[in-house]
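Each protein sequence line maps, in turn, to chains A and B.
Take 1 as the starting number for the first sequence in the working numbering and just add one per residue.
Take 320 as the starting number for the second sequence in the working numbering and just add one per residue.
One structure is given below, encoded as structure tokens.
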Amino acid sequence: MDISKHDYLEKVLESHKMKHVSDFVSKHKTKRDEIKSELQSNYTGKIYVPINSGSYAKHTAINIKFDLDIIVPFKRDAFETLEEMFDSVYDFLYEKYKDKATVRKQKVSIGLEFYPDEDGEVINLDIVPGRELNQDKYLEDKKLNLYVNTLYGVLKEKTYIQTNIQAQIDHITAKENERKKIRLLKAWKHHNRETYKSFLLELLVIKAFDQANIDGNLWEKLKKTMEYIQNNVNQEGFTLKDPGNSGNNVIDTLNTNERQKLSDTMKRIIENIEANDDNIKIYFPINEKFEETDTQRGYGIKTASASVSIPPNNTRFGL
Amino acid sequence: MKFFNQHKQVSLIIEETLLKKISQIGIEKYPYETGGFLVGYYSDDSMTLYITDYLLPHKQKGMAYLFERSIDGMKQVFKNLFDRQKHFYIGEWHTHPNGSCMYSSTDLNAMIEIANCETVNITNPVLLILSITEKQVKDFTFSIYNNKGLHPYE
Ligand SMILES: [Zn+2]
């Protein structure tokens, strides 16, 4: 490879930055704000101010497959049951947007996929309704219960999960070092069609930085992060505490075979890249759509305007 | 004649008669290498180069596989050209007798030296190589120098 792995990975990150899709992001934000205020006026007295969540709020978003998440916190006495809350929000959004978007019930959220706009772009929003755990305590403890739509859920026996979205967001805030590795692993996941949940990868990276000595340049740090995953994810007793709910061990979303497979995959990636630098391009490709070429268009001159040039003396040309 | 370079998204325009004159000089010197300077100017948006003329060095050494040109006596020529017409040095040309028009490592190093030269005000000098035989020009290539590389025009 003609550049170092560190410089290459910087290019990968650059090509996945959200700034390349800023118009697309602002369209999402406009829609998000519209939905937030509609929910607030429809549920006056029953609702707290909705909060922005998801990878964009956590600064771990990459510009491939992008959506925005809204958490909608309701008061404890707003609904008899969590299911009622979920259905009420679904019905409201469905009535409001059925002509403009596909509205569907997902695992813990209601998905809004708007029909392509005049630029052919599709806006995706996930609305997550939650009910405070204790009456009038949300502003203080940020604790919410989410309804789990069992039809889609893996947690068959459970119909709700307790979470603290704010704690999940805060967990990753101001950790740019970790966020870079998270974005790289998300790029890997996307380009290699891996099915691991972004949330799982996030927690793995944060734990790796917390537990292992991760230093060096960007490649060395990424490699050490992957080594940590390789060496730990398949170990019995390995835990990944959900910052939103300490009782929830997120590694349990993978079974033993899947954990071993993740470990083997990390091992293989590291070995292949160490054997040949160029393999890094297979696992961590540049998003070609936004590849930054340092080449500036046009003929360059060194001063502000054209002037006399005297070429060097005794220059040799050969065959 | 118009050529386009993908790498820098730029065009190069040269009169066919000018190219013929240069070719004639190359053939006359066969089987030895020869060459010289190219002069011209850029469009206001810096996207097009107009090659308006060539200049022959006052002193040069031409061998079968090597060409060395001096700038002795050329400084005033370049100055006059700029003062009178606002045309300036934009690159180099030389022949490859019985060779291809692919640049050699010597050629690339020469272009690096030129672009880095303090008295050269352009960052993307062009290089014209003519592949010649005893009787004719078989082929020619214009390339643009940028950041330690030479990129051909089509
Ligand atoms: Zn040559």
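By construction, the Cβ of each residue, glycine as well, lies at the ideal position given by its N, Cα and C atoms.
- Exposure label - F79(A); buried when at least 16 CB within 10 Å: Under this definition F79(A) is a buried residue.
- Query: Beta carbon of F322(B), beta carbon of Y472(B): below 8 Å?
  - Reply: Cβ distance < 8 Å, so F322(B) and Y472(B) count as in contact.
- Name the residue from L200(A), T60(A), L133(A) and K281(A) whose alpha carbon lies nearest to the alpha carbon of E258(A). When each option's Cα is compared against that of E258(A), the closest is L200(A).
- Task: May I have the straight-line CA-CA distance separating R388(B) from S305(A), to the nearest angstrom?
- Result: Roughly 28 Å separates the two Cα atoms.
- Task: Helix, strand or coil for H20(A), going by three-state DSSP, please let me know.
- Result: Residue state, collapsed to three classes: helix.
- Query: In chain A, which residues lie less than 7 Å from S423(B) when you measure between Cβ atoms?
  - Reply: One finds G318 and L319 in chain A with Cβ atoms closer than 7 Å to the Cβ of S423(B), taken in chain order.
- Message: At the level of alpha carbons, what is the spacing between E453(B) and T460(B)?
- Response: Rounded to whole angstroms, E453(B) to T460(B) spans 19 Å at the Cα level.
- Query: With DSSP run on the structure shown, which of helix, strand or coil describes A306(A)?
  - Reply: Correct three-state label for A306(A): coil.
- Positions along the segment 156 to 175 of chain A whose CB lies within less than 8 Å of some CB in chain B: With the criterion set as a beta carbon lying under 8 Å from some beta carbon of chain B, the segment 156 to 175 of chain A has no members that meet it.
- Query: In its own chain, which residues sit with a C-beta less than 8 Å from the C-beta of N164(A), not counting the 5 before and 5 after it?
  - Reply: Once the five neighbours on either side are set aside, the close Cβ partners of N164(A) are D141, K142, K143, L144, P243, G244 and N245.
- Query: Going along chain A, which residues have a C-beta under 9 Å from I441(B)?
  - Reply: Scanning chain A for C-beta atoms nearer than 9 Å to the C-beta of I441(B) yields Y299, G300, I301, K302, A306 and S309, reported in chain order.
- Candidates Q106(A), K241(A), E220(A) and L112(A): closest to K100(A) by CA position: It is L112(A) whose Cα lies nearest to the Cα of K100(A).
- Message: I'd like the list of long-range same chain contacts for N134(A), defined as Cβ closer than 8 Å, with 5 residues on each side in sequence excluded.
- Response: Excluding residues within five positions, the ones whose Cβ falls inside 8 Å are R76, D141 and K143.
- Task: Give every residue of the same chain whose Cβ lies closer than 7 Å to the Cβ of Y97(A), excluding the five residues on either side of it in the sequence, and list them in chain order.
- Result: Only V103 and L112 meet the Cβ criterion.
- Item | Paired residues, beta bridge with I51(A) - DSSP | I71(A), per the DSSP bridge assignment.
- Message: Contact between the segment 414 to 425 of chain B and the segment 355 to 369 of chain B is defined here as three or more beta-carbon pairs at a separation below 8 Å; is this criterion met?
- Response: No contact exists between the segment 414 to 425 of chain B and the segment 355 to 369 of chain B.
- Item | Length at least 3, wholly inside the segment 407 to 447 of chain B: the beta strand (DSSP E) runs in chain order | For the segment 407 to 447 of chain B, whole beta strand (DSSP E) runs of length 3 or above, ordered along the chain, are 407 to 416.
- Item | Cut-off 8 Å between Cβ atoms - residues of its own chain near D458(B), not counting five sequence neighbours on either side | Excluding the 5 residues flanking it on each side, D458(B) has same chain C-beta neighbours closer than 8 Å at S419, C420, L449 and S450, in chain order.
- Item | Unbroken stretches of the alpha helix (DSSP H), 4 residues or longer, contained in the segment 218 to 255 of chain A | For the segment 218 to 255 of chain A, whole alpha helix (DSSP H) runs of length 4 or above, ordered along the chain, are 218 to 232.
- Query: Does the distance from the C-beta atom of D426(B) to that of F317(A) stay below 8 Å?
  - Reply: Between D426(B) and F317(A), the gap from beta carbon to beta carbon is short of 8 Å.
- Message: Using a Cβ-based criterion (distance less than 7 Å to any ligand heavy atom), does H415(B) qualify as near ligand 1?
- Response: The closest heavy atom of ligand 1 lies less than 7 Å from the beta carbon of H415(B).
- Neighbourhood of T303(A) by C-beta, 7 Å cutoff - its chain only, sequence neighbours within 5 removed: Taken in chain order, the list of residues that qualify is empty.
- Task: In angstroms with no decimal places, state the Cα-to-Cα distance between V205(A) and I182(A).
- Result: Their Cα atoms are separated by approximately 6 Å.
- Quick one: is T281(B) buried, meaning 16 or more other Cβ sit within 10 Å of its Cβ, or exposed? Since the displayed chain B opens at 320 and closes at 473, residue 281(B) lies outside it and no answer follows.
- Query: How is F66(A) classed by DSSP in three states: helix, strand or coil?
  - Reply: Three-state DSSP puts F66(A) in coil, outside helix and strand.
- Query: If you scan the segment 160 to 188 of chain A from start to end, which runs of the alpha helix (DSSP H) of 4 or more residues do you find wholly inside it?
  - Reply: For the segment 160 to 188 of chain A, whole alpha helix (DSSP H) runs of length 4 or above, ordered along the chain, are 165 to 172.
- A101(A): first and last residue of the uninterrupted alpha helix (DSSP H) it sits in: Run containing A101(A): none in the alpha helix (DSSP H); it sits in the beta strand (DSSP E), A101 to K105.
- Residue burial classification, S22(A) (beta-carbon count within 10 angstroms, cutoff 16): Exposed: under 16 other Cβ atoms inside 10 Å.
- Is the Cβ of P285(A) closer than 8 Å to any Cβ of chain B? Interface with chain B (8 Å Cβ-Cβ cutoff): P285(A) is excluded.
- Message: Please tell me whether, using a cut-off of 7 Å, the distance from the CB of F356(B) to the nearest non-hydrogen atom of ligand 1 is below it.
- Response: Remark: the C-beta of F356(B) is outside contact range of ligand 1, defined as less than 7 Å to any heavy atom.
- Item | As assigned by DSSP and simplified to three states, the class of R193(A) | Looking at R193(A) - three-state DSSP - the assignment turns out to be coil, as it is neither helix nor strand.
- Query: Roughly how many angstroms lie between the CA atoms of T159(A) and E14(A), to the nearest whole one?
  - Reply: T159(A) and E14(A): Cα-Cα distance of roughly 41 Å.
- Item | Where T150(A) sits in the DSSP three-state scheme | Three-state result, T150(A): coil.
- Selected residue, minimal CA-CA separation from D356(A), among G247(A), L254(A), W219(A) and K224(A): Only positions 1 to 319 of chain A appear in this structure, which leaves residue 356(A) out of reach.
- Task: Taking the CB atoms as reference points, tell me whether T442(B) and H406(B) lie closer together than 8 Å.
- Result: Not a contact, by the Cβ cut-off of 8 Å.
- Which value, in whole angstroms, describes the spacing of the CA atoms of S37(A) and I282(A)? Taken atom to atom, the span from the alpha-carbon of S37(A) to that of I282(A) is near 44 Å.
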